[in-house]
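Worksheet: the structure to be examined is printed underneath.
Chains as they are written, first to last, in our numbering: chain A, 12 to 452; chain B, 12 to 452; chain C, 12 to 452; chain D, 12 to 452.
Now the structure itself:
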C-alpha cells in the first residue's frame, strides 16, 4: 500500500545509519578532481555490483566528446595514481581518459523508470587541518593534497548507495526500473552531465530526481522538493595575433592584448534582457610577454549566469559576436571554446507539491519547502532538460543539513545525521512513483 | 635668349601691378565654398577667354565621380545664387552639380607642355569686420556671410590670371603649350584635384607647378621652390544599428553609440609605423537621440596625416579593419565614406634646384629655399602624382608673402605686393622650360 | 454611511459625463511641454476657483531649484505664447520661469487630508492627422505643432477636475481636507514632483493617490489599486577638454571625445547588482567639430532604470565614479548634471487591498488588480516617498482605458468612457478615508 | 707628439691580441643577469688591480636606490652561487644586494679626466649548442643555463680591460686621469647607469665615451663616432581592486581587469607629438583568477620609445594620467613603478667629427661614420646626460664587428678580430684628449 511507503523507506534508511557514515568518510578521504574520479568510481562500482545492480561504466556510460573541459594531462596522472592504489585496477580500465561516470540499473518487473542523479567530484581546496574541523579531528581528512570534498558530493555518493541498498531491501514493494546515475565533473558545469545524457541513458526515464545536501536547506531535517537553478555558460577565448619589435616594426604586429581588452569591455557592456537578471564576468586575462614586443597571444575566461530561458540565446549570441569582432579589430585570430554549460531549468511546481506530501510523512523531516531559487548553475539541469524533452518528469531536491561553514570553504562539513533522512526521503520519492500504488496506466 | 627670361617675366608682371590688386579684391568679395565656386569660375572664364585662351569647363573639365565629398544640396543653392547675380549666367550652365573647375590652354607652337595649378575655394569662416582688417577697411570684405578667402586662394586665382596675361604678352618668347588649371575644393582635400586628374587633362604635361602664397614663406620676396606635403585621408563612418526601448526590450537594440565609441578608441590605438610620424584624429562623433532609446545611429569623422608613402597602405588598412570590426562588436552595419584624400608626395630636389636658380634672378626676390616641409595635406599632390606617373615633372612652389595673421583665421590677409613677384616667378619658371632656350630634344 | 460612498461617487461622476469629455478635448488641444504648461495651468486654475477651491500657484506652489531640467529658453517662449492667447494673462504671471504647478485645496471640516496627484505635460510628438485618429476626425487635435498629449495627461487633468466637482457636490459627506496637486514635467522625471514636494505641500497628507490612465490597465472598466514603478535617474555629462591642431600640436589637445567614449563603454560595463535587474543606457553622445581638431567638448545623456531600493546607491556611485574618471583619463573637465530622477517605491499591498474593495463596489468596474509592476519610472514616486516619510500613506492607481495605440505614439488615444469611471473610483477612494465612516482616532 | 697617438695605441692593442680573445671567452662562459654580475665583477676587479688601477665597488660605486628594478630574490641567489665558486669571495662582499658596478681609476699626472663606459650583463636566452655556433664548438659556451652574452657585453668588458692595459703601457704618453666605468644591468635600461651617476662618479669627467660592438656597425674595421639613441621609459602598473562572487555579490567587486583593459586602450590612444615619432606598447597583462570571481588584481607592463627630448615630459605625464584614471574608473588602487628609463640624448656632431679623424688614422679601420641613429634605448644615455650637465663632453661609439646573427638571438656571436681594433680606437680617443698634445688651457 502506498500509504506505507514512507514508513518502509524510513526503516530501510535508518537501518543503514552507521554504514552510511562509514561510507561517506571513506569517499571523503579520496577526493578527486572532475573527470579524474577513478578511485571514487571504482568504490561505487564495487558496492553496487555487490547489491546486484547492473553497472555501466566508461565510454558505455559517457560520450566524452559531449563534455566541455576534460583535462587531458590531469586525467592521466590521476588514472595512474588510482591504478597504483586500487586492489582491482581492472575496475577502472574502461574509464581511462575521463569517463568516470557510473550508471547502475535494476529492474523490479514492469513499471516506470525512476532515475537519481548524484555527483562525485571534489574541489581544488586544501582541506583544513584544524582540530575543530571534524574530518581532521576524526581522521578522515582528504588524502589528496589540494583537493577536498568541500561541497558535499561525498554525501551525495553515500545517499545514492543508501538508496540502492534500501530499494534492494524493499524490492518486493518496487515496480519498474531504478537507475542510479553517478556523474563526474559537476563543478564548473564542465559537462559530466552532458556526456551521460548524450549517451541516451536518460531517454526512457519517467522521473529524474537530482539531489544536493545543504545549500539553502541548511538545517538537518528540512527538505526542498524543487529547485530552480540559474543557467550558465563559460567560455575561454584565445586570441592569436603576431608579435613584432615595437621599435623596429610595430606596424607588423597584430595586437592580441588590445583585442582581448576590447572584448572584455564590450562583453561587460552587453545590454540588459527584459526577461531576467544576469551577471557576466570576464574573470581572467593573460596577454603578451614583455614591453618591447607586440602581444601576440591573449586568453580570457568568462562566464554568464542568467535566470531565464529566453535570455540564454541572446546572451550567447552577443558573447560570440563580441569576441570575434574584438579579434577582427586588431586582425587577430580567435578561438572560442565552451568550457562549461548548464541550462536554466525551472522547477516543476506540481511535481514538487507531490513530493512535498511524501516528505511530510517522513519521520524526522521537520520542515519542507516546495520550490527554492538557487543563485548558482548546476550541471544536473542538462539532464533535467533531457528527461523533460523525452516526456519524463524531473526535479531537483535539497536534503537539509546543518553546515559547519559555507560550501567551497576549507572547513566545509555537513551533519551526517542528514544522511539517513535523505536516504529515506529519496527512497520514498521513488516508491511514490514505482511503489505498491503503481498501476499500469 | 634664356638669360633674359626673368627680366621679361618681371617686366610683364610689374606692368600689371594695379590690375592684379583689383582682380584679387574682386575675387575676395565673392568667396564661395568648394564645388560651389560658380561666380568665381565665371569670372575666371571671362578673363581667360578675353586673353585668347581655350577654356574647358564643367564635366569636360572634371569627372565628378572621382571627387569625394560634393555637397549636393549646397552646390545647388550656390548655383541658383550665382545664376541670379551673373550678367552672363550661361557661363556656368555646364558647371551645375559642382563641376566648377576651369582649364585654360594656349598653344605657342611646338614645345613642351607646362601646367600651373591654382585653387579657388573659400573657407567657412566669418570674415572680420574690424577696421584694422584691410579688406574690411578698404571695402572688399566677403559679401557671402560665413564664407571667407582666409587661405589666400583669391591671390592664387589672381596669380593665374597674371601669368596668363604675361604669357600672352610674351607669346613670341614661348614655345609649346601652357595649361592653367583652376581646381575647386582644395580645402579638406575633398577631391577637386582628383576630379580633374581623372579626366586626363594632366597626362600630357611635362612640368606641373602648383602654387601657394604664404604658409612657411611668410615674408614678401621669399620663394620656396619645392615643398613636401603630408599625405592625408579622411573618412566618415556611419553606424546603423537598431533602436530599442531600453526598459522594455533592451536586448533587441543594436547599439551604434558603443560601436562608434569602440571604433574611436581603437582607431586612436593604431600602432606606430617605423617609416614616419603620423597623427590620427577622430574629430567628431554624434550618436543616438535620448536616454531611453538604444542609439541606433552614430557617425564619426576621422582623418590621418602621415609622412611616408609606405605608411599609407598600413594606416588605411588598419582604419578600415577597425571601423568594420567595431560595427560587428554590436551587430551594427557600417558605411565608410572617403571624404578627403591626398597622397604623400616628396619634393623633387633637382627640379627645385633648377627653379631656385630662376628665382634668384628675379628682381625683388630676396631669399629662396629649395625644399620645405609643410605639415599639412594638399589636394595638389594628387595632380603631382598623376603627372609624375605619366613621365612629367612636378613641383610645388611657395610665393612668399607677409601675413596679417595665420591662415584660416578671420583676420587673415596677405601682402598684395607679393602678387607681381609671384607672377614674375611663375612666368619665369614657365619660360625656363618653354622659353627661347627651348630646343626639341 | 460608508456603504453608500461608492454610490454617491458614481452618481456625482456620471452626472458630469459630457462635461468631462468637453474638458478633456479642450486640454488636448493646448498640449504644452513640461515647465511650459501655462495655458493648461491657467485653464485648471480658472475651473478650480469657480468650484471654490483655494488655489496656490507659481513659486508658492513650487521650489524650482529642486527641479532638474527647467528649459530656460523654451519656458520663456511658451510663456509669451500663452500670455498672448489667454483672456486673463494675469493668471500665469506668478508661473513665469516654469512654475506651472497648481495646488488646489478645500477644507470640509475636521478630518484627514487626502491628496491626488495629476500630471499635465505633453510630449514632443507630432499628432497624427489621420481621419481614423479620433482627435483629428473630431476636431480636437493639438494646436501646438510638434507637441501632443500622447500619454493621456489631458485625461488626468480632467479626472482631477471631475473629482473636484464631485467632492464639491458631496461636500456634506466629506470630512477633512482634499488637495488636488497638478504637477508639471512628469515626462522624463525632470523634477516637477520634486519641486512641489520641496515646498512642503505634501507633508501633512494622510493619503496620497497618484493616477494614470491606461498603461497595463488597457481595458475600460478595469482598475489597478497599487503600482510599483522602477526607480530611475538620468544624467547629462559634459566633458570639456582643449582643442588642438592635430598636425601642428596634437599633444596640446585634451580629447573630450575619447573621454566620453571611455565613459560610455565603462558605464555600460557596470557590474550586476544581486538585488534586482537594471538597465543602463547612454542614449546620446555628441563630440567635437571636425577631423582636423582635437575634440574639445563632448556631451552624453544617460539613464538608469532599476528595481530595488538597495541597488540605487550602488548604481549612482558607480556612474559618478566612471564619468569623472573617464574625464581624468584624458585630462578633461567633467560637469555632471542630474536631469531626471524618481526613486523606486514599492506599492503598499495593504492599502491596495483596501482600495480594491472600494473599486469592486463601483458600478462599471469590471475587473480589479491589487498590485501591478510597471516597467517605467514615474515622477510621482518622489511624492509618494515624501508622504510616507512624513507618516502618510501613498498609492498609485491605474484607471483602465481601452487604447487606440501605444502610449507615446502619434495615434495614441484613450476611451473617454473611462473618465466617469475614473472620477467615481477616485472620489470613492477619497470618501473611503474622509467620508461618513470617518471618526477621529 | 699627438700625431703618433694612433700608432702607439695600435701597437699597444695588437700586442694583446691573444689575451683579448682569452679574456672575452672567459667572461662569455660566466654570463650573469643584470644586478647579479658577481663573478663577472670579481674577474674585472682582479685584473684591474693587477694593472695598478684604483678600484671602487659596491655601494661606494653605486647608489642602488637610484636604480629601477633590482631583482631582490634573484640577486641573492646569484650572490650565493658566485660566492661558492670564487677563489676569493671577499672580492664581492661589498656588492651584495646588486651593487655589481666597478669603477677603476688611474691618474697620470695633471690633465683632463677621460671616462669609458662598459656594460657587463647578459640576457635571458638559452645559448645555442649547435656546432656551427663558435662558442659551442670551441668550448666557451655559457655555463649558466638560460643566460647568455647575446649582445656582446663580454666583448665590452674585454675592450675595457684592453684599454686599461694599453694605457698602462703608454702611461708616459698619458696626461690626466682615466676612469673605466663598468655598469651592471644595461638591458631593459633598468638603471645600472643611474645608480653610478647618482654617486657622482661622472661629475668631474671631461670626456665620456660609451661603447658598443656591432649594432648597425656590422663590419669588422668600421667605426661610428657618435650615436643617437632613442629615449625610453618603462612602467609596471599594478591594479588592486576587490574580489567578489559574481553571482551572489557582483556589486561589491572592484574590477582590476576592466581597469587594466581601459588603461591599455587609452595608453595606446595617446595623441601624437609634433616633435617626433614614438612607439608605445603595453606588452604584457595578467588579471584575475577564474570566471566566477571579480578580478581583484591586474598588472600591465608597458614601455615608450621616443625620438625627441621635448616629447618625453608629455608622454610621461599622459601615461601617468591614464593609468591612475583607469584605476579610478573601477574604484581600483593603482601602483605605478618605473622599471626602466634612459633619456633621449643626441650625438655631439663636433666631437664625433674629431673622433672620426682619430679613427681614420688607425690601421685596419676601413670605414668611418660620424653619427648614426640607433632605434633602441641605451642606459648609457643617463651617464651622457649627467656628464654634459656637468660641463663635460660625451659620445657613444660603435666598434664595427661582423656578426654571426642578430643581437639577442641564441646564435649571436661577433668577430673577435674586432677586439684589438676597438682597443686601439678607444685608446687613441683617450690620447686625443689626454695624450702628448695636451696642454693646460
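A virtual CB, placed ideally from N, CA and C, is assigned to each residue, including glycine.
Amino acids of chain D, ordered along the chain, whose beta-carbon sits closer than 9 Å to that of residue i
| i | result |
| --- | --- |
| residue 264(C) | 282 |
Status (buried if at least 16 other CB within 10 Å, exposed otherwise) for residue i
| i | result |
| --- | --- |
| residue 84(C) | exposed |
| residue 285(C) | buried |
| residue 61(B) | exposed |
| residue 143(D) | exposed |
| residue 104(D) | exposed |
| residue 88(A) | exposed |
| residue 19(D) | buried |
| residue 128(B) | buried |
| residue 400(A) | exposed |
Nearest-angstrom beta carbon gap, residue j and residue i [assumed within contact, 8 Å]
| i | j | result |
| --- | --- | --- |
| residue 383(B) | residue 248(B) | Actually they do not touch by this definition, with Cβ atoms about 34 Å apart. |
| residue 278(B) | residue 313(B) | 6 Å |
| residue 171(D) | residue 193(D) | 6 Å |
| residue 271(D) | residue 238(D) | About 36 Å; that fails the 8 Å criterion. |
| residue 330(B) | residue 240(B) | In fact, because the Cβ distance is near 20 Å, the residues do not count as touching under 8 Å. |
| residue 353(D) | residue 242(D) | 7 Å |
Closer than 8 Å at the beta carbon, the chain A residues around residue i
| i | result |
| --- | --- |
| residue 261(D) | 290 and 292 |
| residue 285(B) | 258, 259, 260, 261 and 262 |
| residue 276(C) | 276, 277 and 280 |
Residues that residue i contacts on chain C, provided the C-beta gap is smaller than 7 Å
| i | result |
| --- | --- |
| residue 279(B) | 269 |
| residue 325(D) | 262 |
Proximal chain C residues relative to residue i, where beta-carbon distance stays under 8 Å
| i | result |
| --- | --- |
| residue 205(B) | Those within 8 Å of residue 205(B) in chain C number zero; the least Cβ separation is about 18 Å. |
Amino acids of chain D, ordered along the chain, whose beta-carbon sits closer than 7 Å to that of residue i
| i | result |
| --- | --- |
| residue 273(C) | 273 and 277 |
| residue 64(C) | By Cβ distance, chain D contributes nothing, its closest Cβ being about 47 Å from residue 64(C), past 7 Å. |
**Asked** What residue ranges within the stretch 333 to 406 of chain B form continuous beta strand (DSSP E) runs of no fewer than 3 residues, ordered along the chain?
**Response** 344 to 353 and 378 to 385
**Asked** Can you list, in chain order, the stretches of the beta strand (DSSP E) that have 3 or more residues and sit fully within the stretch 152 to 176 of chain A?
**Response** none
**Prompt:** Mind listing which residues of the stretch 289 to 317 of chain D have their C-beta closer than 7 Å to chain A's C-betas, in chain order?
**Reply:** For the stretch 289 to 317 of chain D, the set of positions with a beta-carbon nearer than 7 Å to some beta-carbon of chain A reads 290, 292, 293, 294, 295, 296, 297, 298, 299, 300, 301, 302, 303, 304, 305, 306, 312, 313, 314 and 316 in chain order.
**Item:** Residue ranges of each beta strand (DSSP E) within the stretch 81 to 163 of chain B, 3 or longer
**Value:** As for any beta strand (DSSP E) of minimum length 3 sitting wholly inside the stretch 81 to 163 of chain B, the runs are 113 to 119 and 124 to 130, ordered along the chain.
**Prompt:** In the stretch 331 to 364 of chain A, which residues sit with their C-beta less than 9 Å from some C-beta in chain B, listed in chain order?
**Reply:** 332, 333, 335, 336, 337, 338, 339, 340, 341 and 342
**Prompt:** Taking any Cβ of chain C, which residues in the stretch 229 to 256 of chain B have a Cβ under 8 Å from it, in chain order?
**Reply:** 241 and 245
**Request:** Report the residue ranges of all beta strand (DSSP E) runs contained in full by the stretch 196 to 237 of chain A; include only those spanning at least 3 residues, in chain order.
**Result:** Counting only runs of 3 or more, we get 218 to 224.
**Item:** Selection of the stretch 370 to 397 of chain B by Cβ proximity to chain C, strictly under 7 Å
**Value:** Taking 7 Å as the Cβ-Cβ cut-off against chain C, the residues of the stretch 370 to 397 of chain B that qualify are 386 and 387.
**Request:** Jot down the residue ranges of each uninterrupted alpha helix (DSSP H) in the stretch 41 to 85 of chain D, minimum 4 residues, whole runs only, in chain order.
**Result:** 49 to 61 and 69 to 72
**Request:** Note down, one range per segment and in chain order, each beta strand (DSSP E) of at least 3 residues found wholly within the stretch 236 to 275 of chain D.
**Result:** Taken in chain order, the whole beta strand (DSSP E) runs of length 3 or more contained in the stretch 236 to 275 of chain D are 242 to 251.
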